[in-house]
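Presented below is the structure to which this report refers.
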Amino acid sequence: MTGDKRDCLFFVADQAMGDIVDGFISKGHLDRRLGCRDFRFQFEKDILEAPRLGMGADGGVFKYCHTLLQENGYMESHERLIVMLDKKFGGERPAEEVREEILDRLQVNGWGNDTADVVVIDPELEVWVWQDHPHVQSTLGYRGPGSLRDALREDGEWPDGHDKPLRPKDLFKAVCKRCRTAYNSSLYRDIVEEVSIRRCKDPAFHQLVGTLQRWFPIGGES
Numbered sequence: 001m002t003g004d005k006r007d008c009l010f011f012v013a014d015q016a017m018g019d020i021v022d023g024f025i026s027k028g029h030l031d032r033r034l035g036c037r038d039f040r041f042q043f044e045k046d047i048l049e050a051p052r053l054g055m056g057a058d059g060g061v062f063k064y065c066h067t068l069l070q071e072n073g074y075m076e077s078h079e080r081l082i083v084m085l086d087k088k089f090g091g092e093r094p095a096e097e098v099r100e101e102i103l104d105r106l107q108v109n110g111w112g113n114d115t116a117d118v119v120v121i122d123p124e125l126e127v128w129v130w131q132d133h134p135h136v137q138s139t140l141g142y143r144g145p146g147s148l149r150d151a152l153r154e155d156g157e158w159p160d161g162h163d164k165p166l167r168p169k170d171l172f173k174a175v176c177k178r179c180r181t182a183y184n185s186s187l188y189r190d191i192v193e194e195v196s197i198r199r200c201k202d203p204a205f206h207q208l209v210g211t212l213q214r215w216f217p218i219g220g221e222s
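Using full-length UniProt numbering, the first residue of the sequence shown is number 1, and each one after it goes up by one.
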């Protein structure tokens, strides 16, 4: 870390993404959870949600994050940056193409080589929390009969052969409504705090983990 700069800013499209990042990192023990060393992290200082800057969610992040981060002084406050957004904000552009365009803009605006990364979740954040795991079922308030996974299979909402449901976000909200569980972003944090990340197969998630492992290697400088 240089001077009094903080280690990493997570610029996320919405509150649910912020809560997921908080759930992964705030409990520490990142060597076991993410395969990287612990680093300095506080939700209030190191997570920036796009709506707090008056931006739209994913589309706003895509169009304006490079200028707003510069204008609000985050290059001076943080050593590194991770930008996170859903791919499903309009259009059919590949996630990697969206990622490269944002990364190019960030670099033009002063973020140096390997001090910034962009995580584009295809299609949307909920693919990270949908796992066939009892804690997901209990968090969403499902009480049977049978398992939630079986019920969704029978309804055709999570067919065999698919790692995730076909409509991750819509289904997450629908199950909450069906189970009379109040939908809010803290549900995401509750799930990721307890469910092993090793179960998550999403490429964007593994990109995020790989970046943190590279920036904060176990045994590296604190």
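A virtual CB, placed ideally from N, CA and C, is assigned to each residue, including glycine.
Would you kindly work out how many angstroms separate the C-alpha atoms of Cys-65 and Thr-115, rounded to a whole number?
Cα to Cα, Cys-65 sits roughly 15 Å from Thr-115.
Here's the rule I'm using: 16 or more other beta-carbon atoms within 10 Å means buried, otherwise exposed. How should Phe-43 be labelled?
By the Cβ-count criterion, Phe-43 is exposed, with fewer than 16 other Cβ atoms from all chains shown falling within 10 Å of its own Cβ.
6 Å Cβ shell around Asp-117 - same chain, five flanking residues per side excluded
Short of 6 Å from the beta carbon of Asp-117, and not among the five residues preceding or following it, lie these beta carbons of its own chain, in chain order: Ile-82 and Thr-211.
Taking only three categories from DSSP, how would you classify Arg-199?
In this structure, Arg-199 counts as helix in the three-state DSSP scheme.
Would you call the region 132-140 and the region 94-104 in contact, with 3 or more CB pairs under 8 Å?
Fewer than three Cβ pairs drawn from the region 132-140 and the region 94-104 lie within less than 8 Å of each other, which leaves the two stretches out of contact.
Between the CA atoms of Ala-204 and Gly-219 - distance to the nearest angstrom
Gly-219 and Ala-204 have their C-alpha atoms spaced approximately 25 Å apart.
Thinking Val-175 and Leu-140 are a contact (beta carbons under 8 Å), I'd like their distance in whole angstroms, please.
Taking 8 Å as the upper bound for CB-CB distance, Val-175 and Leu-140 are in contact here, some 5 Å apart.
How far does the beta strand (DSSP E) with Asp-117 in it extend, from its first residue to its last?
That run of the beta strand (DSSP E) goes 116-121.
Which first and last residues belong to the alpha helix (DSSP H) in which Glu-96 is found?
Looking at the DSSP string, the run of the alpha helix (DSSP H) that includes Glu-96 is 95-108.
How far does the beta strand (DSSP E) with Val-12 in it extend, from its first residue to its last?
6-12 is the span of the beta strand (DSSP E), which, as asked, contains Val-12.
According to DSSP, is Ile-47 helix, strand or coil?
DSSP places Ile-47 within a strand segment (E or B) once states are collapsed to three.
Residues near Arg-199 by beta carbon distance below 6 Å, same chain, minus five either side
Counting only Cβ-Cβ distances below 6 Å, and skipping sequence neighbours, we find Gln-131.
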